[in-house]
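S.K.: One structure, pasted below without further comment.
In UniProt numbering, the protein residues as written are 1 to 443.
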């Protein structure tokens, strides 16, 4: 008889065979396990089983996997300053000429949030690309050679189409817009929007898309902020429906005219003040708006941030207004950020940066609970959580970037893993580097 030390331990299969039982998990149970695995684990498992690979490739599976993935703060590293080749357009001849110059603020994220796990990246030296940080894949978009445009990407869920739209002002017709759209993967490339007949409606003033305000995808629409040289003229938001490719104008919240008052501009670089300055119509008086007006998507809805950080007559730092109805253009005050005077050091974390952008509400039940915490990112490459109960700010991310020192971009984004792969995507992001912050799950 063999001693106990020399006996071979039976495997699970041998034990099952000895009992006459074969353990097989139902397909729906296997799917529930797979959909909760990290993307890297799924990439390995797809190579081992054809049925698993087929399941993971289904759009419905990818949607559920993305929805269940934990959102984590991710940082897009700026590249060192480098030379880039550009094409500039001569206004009279309409020809484009090559131009070599330093490339700043490269690469940068377009839009306040990833779109179904895909990120639209702008590189002045190379154009636009769609990246999947999860899979490390990239799709370079065809160049449009349209100057002074504001670009944004959205996802039309019913058709499962990603669309990129460029919007700009016609240089020859005052108040007239031009717009082109690219359905990603469509062989037609960039095309004019057939139903596009919208002008800004101003004939006595040069209107422009406010390229200092990032366009936003929310509620199935793309949104841009527009302004005029006369700051007391009605500004607003342009909304583009991905479903029928139509535009509409939405008025700004009612605070826009009230905010034409003196502001404290300590700590703000002079060249930035030029962006916020303007003229009051009639009197020609110079006035300024608070810097950093921002569009955002929160809870799937379009929001506008009222930036009063530098107001001399206001204690609140930020207000978040939510669009309630596109047809009536009605907005409601949804949230306030206020830090008491004793927390001067904390206030400076929000007043010193050029921009403060809300990323998401944290916790709270029901969804409209005013006591929810708020996660914000700043152009100082920091992220903070504001707690309205205690009136305090907690820093959850602070990046000491060694890239371009003159960087005005929001480089921290809230990212969820995605398995989405677009036709034509290639492996290798090149100099585009996303860094996931290890402590972001403790927000």
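We put the CB at the ideal spot given by N, CA and C, even for glycine.
Computed from a prediction, not measured in an experiment: that's the story for all the values here.
By the DSSP assignment, the alpha helix (DSSP H) with residue 55 in it spans what residues?
M.R.: Looking at the DSSP string, the run of the alpha helix (DSSP H) that includes residue 55 is 50-56.
S.K.: Can you list, in chain order, the residues of its chain whose CB lies under 7 Å from that of residue 114, leaving out five sequence neighbours each side?
M.R.: The answer, listed in chain order, is 413, 415.
S.K.: So which of 44, 39, 47 has the shortest CA-CA distance to residue 67?
M.R.: Of the listed residues, the one whose Cα sits closest to residue 67 is 39.
S.K.: Does residue 377 pass the burial test, meaning 16 or more other C-beta atoms within 10 Å, or should it be called exposed?
M.R.: Burial call: buried.
S.K.: Is it true that the CB of residue 350 sits closer than 9 Å to the CB of residue 306?
M.R.: Taking 9 Å as the Cβ cut-off, residue 306 and residue 350 do not qualify as a contacting pair.
S.K.: How about residue 247 and residue 179: are their beta carbons less than 9 Å apart?
M.R.: Going by C-beta atoms, residue 247 is nearer than 9 Å to residue 179.
S.K.: Cα separation between residue 177 and residue 244?
M.R.: Answer to the nearest angstrom: the Cα atoms are 18 Å apart.
S.K.: Between the alpha carbons of residue 149 and residue 167, how many angstroms are there, rounded?
M.R.: C-alpha separation (whole angstroms): 5 Å.
S.K.: So, using beta-carbon positions, are residue 111 and residue 216 closer together than 9 Å?
M.R.: Yes.
S.K.: Helix, strand or coil for residue 59, going by three-state DSSP, please let me know.
M.R.: In the structure shown, residue 59 sits in a helix (DSSP, three-state: H, G or I).
S.K.: Is the beta carbon of residue 78 sitting closer than 9 Å to the one on residue 409?
M.R.: Going by C-beta atoms, residue 78 is nearer than 9 Å to residue 409.
S.K.: How many Å lie between residue 381 and residue 184 at the Cα?
M.R.: Those two C-alpha atoms are separated by around 30 Å.
S.K.: Would you identify the three-state DSSP class for residue 316, choosing helix, strand or coil?
M.R.: Residue 316: coil per DSSP, three-state reduction.
S.K.: Take residue 501 as the anchor and find which of 42, 353, 53, 152 has the nearest alpha-carbon.
M.R.: The requested residue 501 is not part of the displayed model; the chain covers only 1 to 443.
S.K.: Using a Cβ distance threshold of 8 Å, determine whether the region 116-132 contacts the region 312-332, with at least three qualifying pairs required.
M.R.: No, the region 116-132 is not in contact with the region 312-332.
S.K.: Buried or exposed for residue 362, going by 16 or more other Cβ atoms inside 10 Å?
M.R.: Classification for residue 362: exposed.
S.K.: Pull the bridge partners of residue 304 from the DSSP assignment, please.
M.R.: Looking at the DSSP assignment, residue 304 forms a beta bridge with 295, 321.
S.K.: Note down the Cα distance separating residue 249 from residue 237, rounded to an integer number of angstroms.
M.R.: Roughly 6 Å separates the two Cα atoms.
S.K.: Going by C-alpha distance, which of 117, 224, 320, 432 is nearest residue 210?
M.R.: It is 224.
S.K.: What distance in whole Å lies between the Cβ atoms of residue 134 and residue 213, which are believed to be in contact at a cut-off of 8 Å?
M.R.: The pair is not a contact, with the Cβ atoms about 28 Å apart (cut-off 8 Å).
S.K.: Please look up how many angstroms separate the CB atoms of residue 317 and residue 339, rounded, as I've assumed it's under 8 Å.
M.R.: Indeed, because the Cβ distance is near 6 Å, the residues count as touching under 8 Å.
S.K.: State buried or exposed for residue 49, treating a residue as buried only when at least 16 other CB atoms are found within 10 Å of its CB.
M.R.: Result: exposed.
S.K.: Going by beta carbon distance, what residues of the same chain come within less than 8 Å of residue 62, once the five residues before and after it are set aside?
M.R.: The answer, listed in chain order, is 56, 418, 419, 420.
S.K.: Who are the Cβ neighbours of residue 239 in its own chain at under 6 Å, not counting the five residues just before and after it?
M.R.: The residues are 221, 223, 248, 250.
S.K.: For the ligand MN, I want to know if residue 296 counts as a neighbour, meaning its beta carbon is within less than 8 Å of at least one of the ligand's heavy atoms.
M.R.: This structure lacks the ligand MN, and indeed carries no ligand of any kind.
S.K.: Determine the closest residue to residue 331 out of 218, 187, 355, 303, with distance taken between C-alpha atoms.
M.R.: Of the candidates 218, 187, 355, 303, the one whose C-alpha sits nearest the C-alpha of residue 331 is 303.
S.K.: Quick one: what does DSSP say residue 334 is sitting in, helix, strand or coil?
M.R.: Reduced to three states, the DSSP call for residue 334 is strand.
S.K.: Please state the DSSP three-state secondary structure of residue 27.
M.R.: Note: residue 27 maps to helix in three-state DSSP.
S.K.: Where does the unbroken alpha helix (DSSP H) through residue 42 begin, and where does it stop?
M.R.: Element bounds for residue 42: 39-46.
S.K.: Using three-state DSSP, classify residue 122 as helix, strand or coil.
M.R.: Of the three classes helix, strand and coil, the one that applies to residue 122 here is strand, per DSSP.
S.K.: Residue 388 to residue 121, Cα distance in whole Å?
M.R.: Looking at the two C-alpha atoms, the distance is approximately 34 Å.
S.K.: How should residue 404 be labelled, buried or exposed, when 16 other C-beta atoms within 10 angstroms of its C-beta is the threshold for buried?
M.R.: For residue 404, the predicted model reports a pLDDT of 48, less than 50, meaning its position is unreliable and no value from the coordinates is stated.
S.K.: What are the boundary residues of the alpha helix (DSSP H) that residue 347 is part of?
M.R.: Taken as a continuous stretch (DSSP letters only), the alpha helix (DSSP H) holding residue 347 covers 344-351.
S.K.: Tell me, to the nearest whole angstrom, how far the beta carbon of residue 301 is from that of residue 322; I am working on the premise that it is less than 8 Å.
M.R.: The pair is a contact, with the Cβ atoms about 5 Å apart (cut-off 8 Å).
S.K.: Following the continuous beta strand (DSSP E) through residue 392, name the residue where it begins and the one where it ends.
M.R.: Start and end: 392-398.
S.K.: Considering Cα atoms alone, identify which of 235, 27, 372 is closest to residue 329.
M.R.: The candidate whose alpha carbon is nearest that of residue 329 is 235.
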